[in-house]
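Let me begin by presenting the structure, written as structure tokens, before commenting on it.
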Amino acid sequence: MSSLILWGLLWEIVGRAKLTFFVPPLSEVIETLFSIIGTPAFQKALLETAYAFSFGVFFAVVIGIVVGILMGKNRLLDELLLPWVNVFLSAPLTALVPVLMVLFGFGMQSIIITTALFAVWIIILNSRAGVKQINRSLVDMANSFGASPMDAFFKIYFWAALPEILGGVRIGIIRAVKGVIIGQLLISIVGFGALFELYSANFLMAHFWAVLIVLFALAFTISEFLAYLERRVSYYAAKR
Amino acid sequence: MAMSQIKEDSNQTEVVKSESAVSVKNITKNYGDIEALRDMSLEFPRGQLTSLLGPSGCGKTTLLKIIAGLLEPSSGYVEVNGKSVTGPGPDRAFVFQDFALLPWATVLNNVAFGLEMRGVAKSERESIAEKYIGDVGLAGFENSYPHELSGGMRQRVGLARALSVDSDVLLMDEPFSAVDEQTRRKFQEDLLSLVQNENKTFLFVTHSIEEAVYVSDQIAILLPRPSRVSEIIRPSSFRGKGVDNIRRDPEYLDIVDDIWSSLRTYVE
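Residue numbers (our numbering), protein chains in the order written: chain R, 4 to 243; chain Y, 147 to 414.
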């Protein structure tokens, strides 16, 4: 937190020194932030972004956790899918966006898929890692009491992998923020992507930074909330 | 601990060999080229405690897991109450060496887990679990988490979980090896009264000779490479003399010595 204040001060100084038009003073940015935050254009952008982001993250989390746990449990599936997961984890997904546009059109659907694609791979890998380190005798224990595969999945594997899953979801969500903006910029100019496009094209740097701060604040809040959840389960993370 | 002391006057030493609760017939288990068990046959008398004792690598845990239905034998079969074992079943409950508790669940939910898997309704399984938590001496710890308990208390949770499903056969895989010496002694005494009071058949894997002789009605000595039953010992005279006298009973000491002399060549 004190580091944020320090950097904010530096920003203000650089802005006031008028070193570059690209960096207006932080105080001016914040002033702009409050002036645009109530405007219909901003709220529409926020809504569109939140919509694409929520759906994208939702699919990424559900698919990521299920696929990751199944990969951790099943060696065949793991060997089949792991190379692809690793490829997509490091692939420049931005380059794939045009392909998505061809496949899914220029609308919200493609943006949601882009968002999910940015987030899902790290969630898969982390869920898989969480399952890989599960104590074998917990699985034996569940089996010995006659647990069905569904019981084992939801009552053993999911909980045992939860600390890693939450870590993966946290990083995945941060990637999804990038995904949703890139999707909006490249696919159809809506949401915050449209605002970025508009402000930077018109050299409205204070506006540009204001939107970026809003985005940062949203991502930061979600990630802190997940970090809080991670701490809630840390009491057993070390003792599985 | 709520379990009562062994009755001093009990006269169970001369139990005629009753029918078997568990029969192991010609079990062979291979892991690739490695032969873990070869053509092993063994009977486990009903209502008694049988120990599987042997040096490490003799396949005692493998055999126990095959009986539990957690591992499949390469050939041969296991019968529990006359029925062939094809997988885990409600007639058997397992106590694990490392306790195998759910670290994210309370003691109550851990003990109730077996019942939950068997489809017992929540309120019913919780009241059953509470009873067994009390029986193993953990009343008041229902809402604690495993990491808040000592090793001995954790194994009591594991034991309560296995008891609560009320299986005929209790499979115990070195259950006391991860707890300290004093707790282990207490556990051994408690186990004796458990065998006496519960009408269950106990299969007990251990690597401790003293422990095996102390708690067992029957001891199966397993030897490795290839794994086989080399000897079955049935202590006869000291079982009814009370927990305090067993360790200085001449027969107890003789059996411990005999087992050691037959095992020592297998210990590097």
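All residues carry an ideal CB built from backbone N, CA and C; glycine is no exception.
Closer than 8 Å at the beta carbon, the chain Y residues around residue i
{"i": "Val236 (chain R)", "result": "Trp250"}
{"i": "Ala150 (chain R)", "result": "Met263"}
{"i": "Tyr231 (chain R)", "result": "The premise fails here: Tyr231 (chain R) is roughly 17 Å from chain Y at the closest Cβ pair, so nothing lies under 8 Å."}
Neighbour list for residue i in chain R, Cβ cutoff strictly below 8 Å
{"i": "Phe190 (chain Y)", "result": "By Cβ distance, chain R contributes nothing, its closest Cβ being about 17 Å from Phe190 (chain Y), past 8 Å."}
{"i": "Ala246 (chain Y)", "result": "Asn138, Ser140, Leu141, Asp143, Met144"}
{"i": "Phe384 (chain Y)", "result": "Ordered by position in chain R, no residue passes the 8 Å Cβ test against Phe384 (chain Y), which lies about 33 Å from the chain."}
{"i": "His353 (chain Y)", "result": "Under the 8 Å cutoff, chain R gives no residues; its nearest Cβ is about 17 Å from His353 (chain Y)."}
{"i": "Val311 (chain Y)", "result": "Phe148"}
Contact list for residue i against chain Y, beta-carbon separation under 9 Å
{"i": "Trp124 (chain R)", "result": "Per Cβ cutoff of 9 Å: no residues; Trp124 (chain R) is ~26 Å from chain Y at best."}
{"i": "Tyr160 (chain R)", "result": "Neighbours of Tyr160 (chain R) on chain Y: none; closest Cβ ~12 Å, over 9 Å."}
{"i": "Tyr54 (chain R)", "result": "Under the 9 Å cutoff, chain Y gives no residues; its nearest Cβ is about 34 Å from Tyr54 (chain R)."}
{"i": "Asp154 (chain R)", "result": "Glu262, Met263"}
Any C-beta of chain R under 7 Å from that of residue i
{"i": "Phe287 (chain Y)", "result": "no"}
{"i": "Ala214 (chain Y)", "result": "yes"}
{"i": "Phe240 (chain Y)", "result": "yes"}
{"i": "Pro321 (chain Y)", "result": "no"}
{"i": "Gly260 (chain Y)", "result": "yes"}
Sequence-distant residues of the same chain with beta carbon closer than 8 Å to residue i, five excluded per side
{"i": "Trp87 (chain R)", "result": "none"}
{"i": "Ala179 (chain R)", "result": "Phe56, Gly59, Val60, Ala63, Thr118, Ala119, Phe121, Ala122"}
{"i": "Ser407 (chain Y)", "result": "none"}
{"i": "Ser93 (chain R)", "result": "none"}
{"i": "Val236 (chain R)", "result": "Leu165, Pro166, Leu169"}
{"i": "Glu320 (chain Y)", "result": "Thr207, Gln243, Val351, Thr352, His353"}
For residue j and residue i, believed in contact at Cβ under 8 Å, the rounded distance
{"i": "Asp326 (chain Y)", "j": "Ala306 (chain Y)", "result": "Not quite, the Cβ-Cβ distance comes to about 20 Å (not below 8 Å), so this is no contact."}
{"i": "Pro166 (chain R)", "j": "Gly194 (chain R)", "result": "Not a contact, Cβ separation roughly 33 Å."}
{"i": "Gly196 (chain R)", "j": "Leu188 (chain R)", "result": "4 Å"}
{"i": "Pro236 (chain Y)", "j": "Gly108 (chain R)", "result": "Actually they do not touch by this definition, with Cβ atoms about 55 Å apart."}
{"i": "Phe348 (chain Y)", "j": "Arg300 (chain Y)", "result": "Rounded, the Cβ-Cβ distance is 20 Å, inconsistent with contact."}
{"i": "Ile379 (chain Y)", "j": "Ile355 (chain Y)", "result": "Contact doesn't hold; Cβ gap of about 11 Å is too wide."}
Best match in the options for proximity to residue i [C-alpha to C-alpha]
{"i": "Leu409 (chain Y)", "options": "Y:Pro370, Y:Leu261, Y:Ser310, Y:Gln342", "result": "Y:Pro370"}
{"i": "Asn391 (chain Y)", "options": "Y:Leu368, Y:Val361, Y:Glu377", "result": "Y:Val361"}
{"i": "Ser151 (chain R)", "options": "Y:Gln342, Y:Pro234, Y:Lys229, Y:Ala285", "result": "Y:Pro234"}
{"i": "Gly175 (chain R)", "options": "R:Asn129, R:Pro166, R:Arg19", "result": "R:Asn129"}
{"i": "Thr35 (chain R)", "options": "R:Ala230, R:Phe223, R:Leu215, R:Ser6", "result": "R:Leu215"}
{"i": "Gly203 (chain Y)", "options": "Y:Pro372, Y:Tyr398, Y:Leu295, Y:Asp400", "result": "Y:Pro372"}
{"i": "Gly215 (chain Y)", "options": "Y:Ile379, Y:Val170, Y:Ala182, Y:Asn289", "result": "Y:Val170"}
{"i": "Leu188 (chain Y)", "options": "Y:Glu377, Y:Gln334, Y:Leu284, Y:Gly304", "result": "Y:Glu377"}
{"i": "Ser382 (chain Y)", "options": "Y:Arg374, Y:Ile365, Y:Val375", "result": "Y:Ile365"}
{"i": "Leu247 (chain Y)", "options": "Y:Gly283, Y:Val303, Y:Glu288", "result": "Y:Val303"}
{"i": "Ser191 (chain R)", "options": "R:Asn205, R:Ile137, R:Val100", "result": "R:Val100"}
{"i": "Tyr54 (chain R)", "options": "R:Glu15, R:Ser5, R:Ile116, R:Asp143", "result": "R:Ile116"}
{"i": "Glu414 (chain Y)", "options": "Y:Ser197, Y:Pro201, Y:Leu210", "result": "Y:Pro201"}
{"i": "Ala163 (chain R)", "options": "R:Ala222, R:Lys76, R:Leu103", "result": "R:Lys76"}
{"i": "Ser296 (chain Y)", "options": "Y:Phe322, Y:Arg271, Y:Glu272", "result": "Y:Phe322"}
{"i": "Tyr177 (chain Y)", "options": "Y:Phe287, Y:Val341, Y:Ser221", "result": "Y:Ser221"}
{"i": "Lys47 (chain R)", "options": "R:Leu198, R:Gly186, R:Asn146", "result": "R:Leu198"}
Residues near residue i in its chain [Cβ-Cβ closer than 7 Å; skip 5 each side]
{"i": "Gly11 (chain R)", "result": "Leu29"}
{"i": "Ile421 (chain Y)", "result": "As shown, chain Y starts at 147 and ends at 414. That puts residue 421 (chain Y) outside it, with no answer to give."}
{"i": "Ile39 (chain R)", "result": "Phe45, His210, Ala213"}
{"i": "Val172 (chain R)", "result": "Val64, Ile126, Leu229"}
{"i": "Ile168 (chain R)", "result": "Ile68, Asn129, Ser130, Gly133"}
{"i": "Gly170 (chain R)", "result": "Asn129, Glu233"}
Residues near residue i by beta carbon distance below 6 Å, same chain, minus five either side
{"i": "Ala239 (chain Y)", "result": "Ala308, Val311, Ser313, Leu316"}
{"i": "Tyr238 (chain R)", "result": "none"}
{"i": "Gly67 (chain R)", "result": "Val123, Ile126, Ile127"}
{"i": "Ala415 (chain Y)", "result": "There is simply no residue 415 (chain Y) to check, as chain Y begins at 147 and stops at 414 in what is shown."}
{"i": "Pro27 (chain R)", "result": "Gly18, Met208, Ala209"}
{"i": "Asp363 (chain Y)", "result": "Gln194, Leu195"}
{"i": "Gly205 (chain Y)", "result": "Ala182, Leu183, Ser373"}
{"i": "Thr329 (chain Y)", "result": "Gly298"}
{"i": "Asp185 (chain Y)", "result": "Asn172, Thr174"}
{"i": "Val161 (chain Y)", "result": "Its pLDDT being 42, under 50, Val161 (chain Y) is placed unreliably in this model, and the coordinates cannot settle the point."}
Interface flag, residue i vs chain Y, CB-CB below 7 Å
{"i": "Ser130 (chain R)", "result": "no"}
{"i": "Pro95 (chain R)", "result": "no"}
Chain-ordered chain R contacts of residue i [CB-CB under 9 Å]
{"i": "Pro236 (chain Y)", "result": "Phe148, Gly149"}
CB contact check: residue i to chain A, cutoff 7 Å
{"i": "Tyr202 (chain R)", "result": "Protein chains in the displayed structure are R and Y, and chain A is not among them."}
Contact list for residue i against chain R, beta-carbon separation under 7 Å
{"i": "Val303 (chain Y)", "result": "Neighbours of Val303 (chain Y) on chain R: none; closest Cβ ~12 Å, over 7 Å."}
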